[in-house]
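Peer 1:
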Amino acid sequence: MRGGTSKGAYFLAGDLPADPGARDGLLLRIMGSPDPRQIDGLGGAHPLTSKVAVVARSADPEADVDYLFLQVAVDAPEVTDRQNCGNILAGVGPFAVERGLVPAGDTETSVRIRMRNTGELAVATFPTPGGRVDYTGGAAISGVPGTAAAVVIEFPQGAGPLLPTGNVRDTVAGTEVTCVDNGMPVVLIPAAALGADGYGTPADLEQDTALAGRLREIRLAAGRLMGLGDVENSTVPKLTLLAPPRDGGAVATRTFIPVRCHTSIGVLGAASVAAGLRVTGGVGEGIARLPDSGDRVRVEHPTGFLEVDVDLDPSSPVVRRTAVVRTARKIFDGTVFPRPAATAAP
Ligand code: NQM
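In our numbering, the protein residues as written are 77 to 422.
1) Taking the CB atoms as reference points, tell me whether residue 267 and residue 346 lie closer together than 8 Å.
2) Measuring alpha carbon to alpha carbon, tell me which of 398, 112, 417 ends up nearest residue 162.
3) Does DSSP put residue 167 in a helix, in a strand, or in coil?
4) For residue 368 and residue 375, I'd like the C-alpha separation in whole angstroms.
5) Taking contact to mean at least 3 C-beta pairs separated by less than 8 Å, is the stretch 383-400 in contact with the stretch 201-214?
6) Excluding sequence positions up to five away, which residues of its chain have a Cβ less than 7 Å from the Cβ of residue 59?
7) Given a cut-off of 8 Å, decide if residue 239 and residue 423 are closer than it, judged by their beta-carbon atoms.
8) Span of the beta strand (DSSP E) holding residue 84?
9) Could you have a look at residue 257 and say whether DSSP puts it in helix, strand or coil?
10) Spatial neighbours of residue 288 within its chain, please: C-beta separation below 8 Å, excluding the five flanking residues on both sides.
11) For the stretch 230-300, list the alpha helix (DSSP H) runs that are entirely contained and at least 4 residues long, ordered along the chain.
12) Does the Cβ-Cβ distance between residue 178 and residue 141 come in under 8 Å?
13) Among 323, 171, 381, 263, which has the Cα closest to the Cα of residue 209?
14) One question on the structure: do residue 119 and residue 254 come within less than 8 Å of each other, judged by their Cβ atoms?
15) Please report the distance separating the alpha-carbon of residue 159 from that of residue 207.
16) What do you reckon, are the CB atoms on residue 259 and residue 344 nearer than 8 Å?
17) CB-CB under 7 Å to residue 116, same chain, minus the five flanking residues each way: which ones, in chain order?
18) When you measure from the CB of residue 156 to every non-hydrogen atom of the ligand NQM, does any distance come out below 7 Å?
19) Cβ of residue 218 within 7 Å of any heavy atom in the ligand NQM?
20) Does the beta-carbon of residue 377, which I'm using as the reference point, lie nearer than 7 Å to any heavy atom of the ligand NQM?
21) Can you determine whether any heavy atom of the ligand NQM sits closer than 7 Å to the C-beta of residue 314, and answer yes or no?
22) If we count the other Cβ atoms within 10 Å of its Cβ and call it buried at 16 or more, is residue 407 buried or exposed?
23) In whole angstroms, what is the alpha-carbon distance linking residue 273 and residue 122?
24) Flag this pair as yes or no: are the beta carbons of residue 263 and residue 294 separated by less than 8 Å?
25) For a quick check, are the C-beta atoms of residue 332 and residue 291 less than 8 Å apart?
26) Taking all protein chains shown into account, do 16 or more other C-beta atoms lie within 10 angstroms of the C-beta of residue 129, making it buried, or fewer, making it exposed?
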């Protein structure tokens, strides 16, 4: 399924091995990793198209289904559950209805999803006229051609602290940053502080080896400060460069996830950026042009924008509610034939 601006394989938990090692080995072979082209599997040769959702009925009375997100590395034999994904999340509700885990309503269905990577809850609402998922509709999201049915995703108050270092600003590897986590750990960095082009294309930014070196230093130091330990081989924290908006939004962003530059921005990544901008005293001050509180924060990114509804008490600071609109689409449903384990790439 496509979920938002990502694409991945969605599985019922019961269809995969229960042992995480066996499960991850199978997923690597299904996606065709490790291989920069993922030529022998379903993966699309980019972290945004090498993703997996594992969905099951939930035992939690507050949730209908459990969703475990797994990032399958493209050119390394790695599968990680250390990060969540709000884009793949957009397909979880429709998948749960398609697979009979949740009964569909007559016009629309709301699915309460326990996101097992973070323990947090999301509620996804989407059209199900006549009790069937309808993927067609008029909602457009930047980074995806055409329009589709809106999947409205709401996140009640997050579980962890919004400012994981306890500070609004930290000086990390010689650069002032704001470390924020509204569902995704993100380090906010003024692009100008690194001499980087905050409006550059992802391809150009990825080729800047000096920038990559600075980002790596910041990531390793910020990861420790954020309580994430050694993040050398982790996909979090993400790094978002901030620049003044230029398309009527609140801020221009370029996000590293954490090495490749995102062609748009992650959903939870954008939720963290929007919350971080709303916190008084963050590094976004003087760069972002924020709308009145109550209005959506429009986060500009390389292929358009993502609007985030974030209701935040800036004094605590605590996020009371976050919401976004995404779309999703079922692309195919069937049997995958993974590369046999015996012929795995060296
Ligand atoms: O932040 C990419 C994506 C993501 C994650 C990444 C995401 C999110 O765009 O919620 O969706 O940051 O690795 O799919």
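Positions of the beta carbon are idealized from the N, C-alpha and C atoms, including for glycine. Just so it is clear, the structure is predicted and the values come from calculations on it, not from any experiment.
Peer 2: Taking the geometry as given:
1) No, the pair does not count as a contact, with Cβ atoms beyond the cut-off.
2) The candidate whose alpha carbon is nearest that of residue 162 is 398.
3) In this structure, residue 167 counts as helix in the three-state DSSP scheme.
4) Here the C-alpha atom of residue 368 lies approximately 15 Å from the C-alpha atom of residue 375.
5) no
6) This structure gives no information on residue 59, because the portion of the chain shown stretches from 77 to 422.
7) This structure leaves residue 423 out entirely; the chain is present only between 77 and 422.
8) 82-88
9) strand
10) 282, 335
11) 278-283
12) yes
13) 171
14) no
15) 33 Å
16) yes
17) 108, 415
18) no
19) no
20) No, Cβ of residue 377 sits at least 7 Å from all heavy atoms of the ligand NQM.
21) Answer for residue 314: yes, Cβ within range of the ligand NQM.
22) exposed
23) 23 Å
24) yes
25) yes
26) buried
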